[in-house]
Structures are given as structure tokens and as C-alpha cells.
Amino acid sequence: MAISYVKKCPECGGINLVLDKERGEVHCRDCGLVIEEKMVDFGQEWREFDHEQATSRRRTGGPMTYTKFDRGLGTDVGKKSDIYQLGGKERNRFFRLRKWQYRISTAIERNLKLALAELKRVSSYLKLPKAVEEESARIYTLAVQRGLVRGRSMESVVAGALYAACRRHEVPRTLDELSEASGIDKKEIGRTYRFVTRELGIRILPSNPVDYLARFASALKLNAETQSRAVEILEKAQNSELTSGRGPTGIAAASLYVAALMNNEKRTQREVADVAGVTEVTIRNRYKELLKKLKLDEKVKKKVGRG
Numbered sequence: 026m027a028i029s030y031v032k033k034c035p036e037c038g039g040i041n042l043v044l045d046k047e048r049g050e051v052h053c054r055d056c057g058l059v060i061e062e063k064m065v066d067f068g069q070e071w072r073e074f075d076h077e078q079a080t081s082r083r084r085t086g087g088p089m090t091y092t093k094f095d096r097g098l099g100t101d102v103g104k105k106s107d108i109y110q111l112g113g114k115e116r117n118r119f120f121r122l123r124k125w126q127y128r129i130s131t132a133i134e135r136n137l138k139l140a141l142a143e144l145k146r147v148s149s150y151l152k153l154p155k156a157v158e159e160e161s162a163r164i165y166t167l168a169v170q171r172g173l174v175r176g177r178s179m180e181s182v183v184a185g186a187l188y189a190a191c192r193r194h195e196v197p198r199t200l201d202e203l204s205e206a207s208g209i210d211k212k213e214i215g216r217t218y219r220f221v222t223r224e225l226g227i228r229i230l231p232s233n234p235v236d237y238l239a240r241f242a243s244a245l246k247l248n249a250e251t252q253s254r255a256v257e258i259l260e261k262a263q264n265s266e267l268t269s270g271r272g273p274t275g276i277a278a279a280s281l282y283v284a285a286l287m288n289n290e291k292r293t294q295r296e297v298a299d300v301a302g303v304t305e306v307t308i309r310n311r312y313k314e315l316l317k318k319l320k321l322d323e324k325v326k327k328k329v330g331r332g
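Mapped onto the working numbering, the consecutive letters of the sequence shown carry residue numbers 26 to 332.
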């Protein structure tokens with residue numbers, strides 16, 4: 026089915042859109058408006074139940090992807106294990122072909138081959154979705170083609186591209202997590218990320234602190250009620266413009282800390298800071314600001330006193 030880029034209903038502004046594959050339509054479940062119709066289905070017209078049927082019925086190769094240095098369109102002379110099964114002359118011939126294939130490849134292709142392998146490793150370590158991996162590979166490829174990698178380590182640009190892709194797809198990952206996965210200092214990743222996004226004209230919206238709550242709550246073993254209360258605290262903080270100019274991870278962690286105290290699920294500031302990848306001072310400062318601005322002092326004191 027052709028991809029629809031419509032995210033909201035133009036009539037009522039609702040986001041509850043439904044794709045009807047049988048009719049080839051996209052309609053709004055709230056007001057009933059048919060947003061798109063007579064959509065072309067580009068999918069396969071047959072079904073396959075095993076690998077043999079899949080290989081015999083498909084008429085094309087795999088889809089193009091930025092996660093491969095040649096976009097998945099190139100071919101290799103052969104794997105070493107396959108070549109070793111050949112006779113003496115044939116074996117030498119194919120080894121020479123492999124050597125020449127490597128020699129005639131450009132510097133960009135060789136860079137991409139190494140970098141995309143590193144990108145896949147870091148992406149797998151962080152358990153990132155395929156869409157983020159694809160987007161980060163596209164960003165890195167553009168950076169190489171524009172000559173933005175010169176003077177910077179390949180690993181730092183890979184980490185910067187991954188962080189940019191996470192931000193674009195609203196997948197909450199911190200610089201500390203990327204630093205741990207890639208072995209690059211988080212300040213270096215931050216500098217490279219800002220440089221690459223600026224040079225490539227990639228527009229990134231500020232992170233929403235709410236996106237980090239689920240992961241932090243899970244790591245701290247807090248229940249759903251505490252997480253819901255933290256969301257409420259964050260929404261009030263955003264309405265009071267308390268989140269402006271503050272790191273999203275710090276304010277999210279502090280909201281969880283306050284919510285945990287209010288729900289008698291006490292966690293130390295050190296525990297919360299370690300999970301969020303920030304300092305205890307940051308948690309303490311954000312905590313004090315939340316209590317003061319949102320007038321939560323009495324509620325927290327009552328709960329702490331009862332505990």
C-alpha cells in the first residue's frame with residue numbers, strides 16, 4: 026500500500042486515522058472523512074509460506090537500504106569460506122578478483138563499509154528500532170559525501186548520527202548511553218551531533234521529558250501509578266514553563282523522584298541520578314524547583330512524614 030504522509034485529519038484535526046487496505050482508503054475514525062482514496066497497493070500479489078516459495082516467487086532483490094555501503098545493490102566476488110572449496114587455480118583466480126574489487130573501491134566506499142558495521146554494532150547494543158538505524162545510516166552517508174568526517178573520528182560521527190536519528194524519531198536515548206555504547210566521550214558526541222545537524226540542515230525539535238519517564242521508571246522498578254503521577258507533574262511543569270532551558274533527562278528524573286516520594290516508593294537521589302545519567306546536584310536542584318513552583322512542598326512532607 027502506498028505510504029500516507031497525512032498525520033492529522035484536515036477536517037477535525039484528529040490523529041485517529043485508519044488505513045482500509047481492501048478499499049485502498051484512509052479515513053478519520055472521529056469524523057468519518059475519507060482523507061485518501063484509490064491508493065495503489067505496491068505489495069506482492071502472492072502469499073509465501075516457506076523460504077523455497079519466497080525465493081521462487083519473488084522477482085526482485087532486497088529493498089535498497091542506507092545500512093549497506095552500496096545501498097544493497099552491489100555484489101561481492103564471494104566469501105572466503107566458499108572460495109576455499111574451489112580447486113587450486115580457481116581459488117587463486119577468485120582471491121585475485123577479491124583483491125582487485127577492494128583496490129578499485131573508493132575511499133568513501135571503504136569508509137562507509139567500516140562505519141556502517143560500527144553503526145550496526147552500536148544500534149544493536151542500544152536496541153534501537155530499524156527505522157532509527159536506517160535514518161542514522163542515511164545521515165552518516167550524507168556527512169561522508171559532504172566531507173564532514175574529515176578531521177573527526179569515524180566513531181564520533183557514527184555516534185552523532187545515531188543521536189540525531191534518535192531525536193528525529195523521538196526514541197529517548199541519552200548522550201551517556203551513546204557514550205557507553207560507542208566508547209566516545211559524550212562531549213565529543215554532542216559537538217559532532219551539533220556540527221553534523223547544522224551542516225546538513227537537519228531540523229531537530231527539543232526532546233520531550235515525558236519520553237524518558239517509562240525507561241527511567243522501569244529501571245527504578247516504580248509502579249504505573251508513580252509513572253502516571255510523574256507525567257502529571259511534568260505536564261504542570263511544562264505549563265509553568267519550568268522545563269525551558271533545562272535538560273530533559275534531569276527534569277524527567279526529578280519528576281519521577283517527586284512522584285515516588287508522594288507514592289511512598291522512596292528512591293535515593295543517587296539511584297535516580299545514576300539511571301538518568303545526571304548528577305545528584307541536578308536532581309536536587311530540579312527537585313527544589315518543582316516543589317517551589319508547583320507548590321508540592323506540603324504534599325511531599327506529609328508523605329515523607331507518614332513514611
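A virtual CB, placed ideally from N, CA and C, is assigned to each residue, including glycine.
- Taking C-beta atoms as the reference points, residue 203 and residue 188 count as a pair closer than 8 Å.
- In its chain, beyond the 5 residues on either side, 275 have a beta carbon closer than 6 Å to the beta carbon of residue 307.
- By the neighbour-count criterion, in which 16 or more other beta carbons inside 10 Å mark a residue as buried, residue 132 falls on the exposed side.
- By DSSP's assignment, residue 43 forms a beta bridge with 52.
- Remark: fewer than three beta-carbon pairs, one from each stretch, lie closer than 8 Å, so the stretch 255 to 262 and the stretch 219 to 226 are not flagged as touching.
- Residue 321 and residue 312 have their alpha carbons spaced roughly 10 Å apart.
- For residue 325, DSSP assigns no beta-bridge partner whatsoever.
- Excluding residues up to 5 positions away in sequence, 49, 50 lie with their Cβ nearer than 7 Å to the Cβ of residue 62 in the same chain.
- Non-local beta-carbon contacts of residue 316 in its own chain, meaning distances under 8 Å to residues more than five positions away in sequence, involve 283, 322, 325 in chain order.
- Residue state for residue 195 is assigned as coil, using DSSP reduced to three classes.
- DSSP places residue 59 within a strand segment (E or B) once states are collapsed to three.
- Scanning the stretch 224 to 256 for uninterrupted alpha helix (DSSP H) segments of 4 residues or longer gives 235 to 244, listed from N- to C-terminal end.
- Using a Cβ-Cβ distance cut-off of 8 Å, the stretch 195 to 210 and the stretch 145 to 161 are in contact, since at least three pairs of beta carbons, one from each stretch, lie closer than that value.
- In this structure, the CA atom of residue 108 is about 8 Å from the CA atom of residue 120.
- Between residue 234 and the set 212, 250, 135, 266, the nearest pair of CA atoms involves 266.
- Cβ-Cβ distances below 7 Å link residue 244 to 300 in the same chain, with the five nearest sequence neighbours on each side left out; the list follows chain order.
- Each residue's CA atom was taken as its position, placing residue 57 and residue 210 some 51 Å apart.
- Using a Cβ distance threshold of 8 Å, residue 140 and residue 89 do not count as a contacting pair.
- Following the DSSP letters along the chain, one finds residue 307 inside the alpha helix (DSSP H) bounded by residues 305 to 318.
- The alpha carbon of residue 185 has as its nearest neighbour, out of 156, 170, 218, the alpha carbon of 218.
- Leaving aside the five residues that flank residue 294 on each side, the residues in its chain whose CB is nearer than 8 Å to its CB run, in chain order, 282, 305, 308, 309, 312.
- DSSP places residue 148 inside the alpha helix (DSSP H), whose first and last residues are 132 to 150.
- When the Cα atoms are used, residue 236 and residue 182 turn out to be separated by approximately 25 Å.
- When the Cα atoms are used, residue 135 and residue 39 turn out to be separated by approximately 47 Å.
- Going by C-alpha positions, residue 292 is about 10 Å away from residue 298.
- Cβ contact annotation for residue 35 (same chain, cutoff 8 Å, sequence separation greater than five): 58, 60, in chain order.
- Of the candidates 190, 175, 169, 123, the residue whose Cα lies closest to the Cα of residue 157 is 190.
- DSSP places residue 293 in no alpha helix (DSSP H); its state is neither H nor E.
- Looking only at 42, 151, 319, 47, the smallest Cα-Cα distance to residue 196 is reached by 151.
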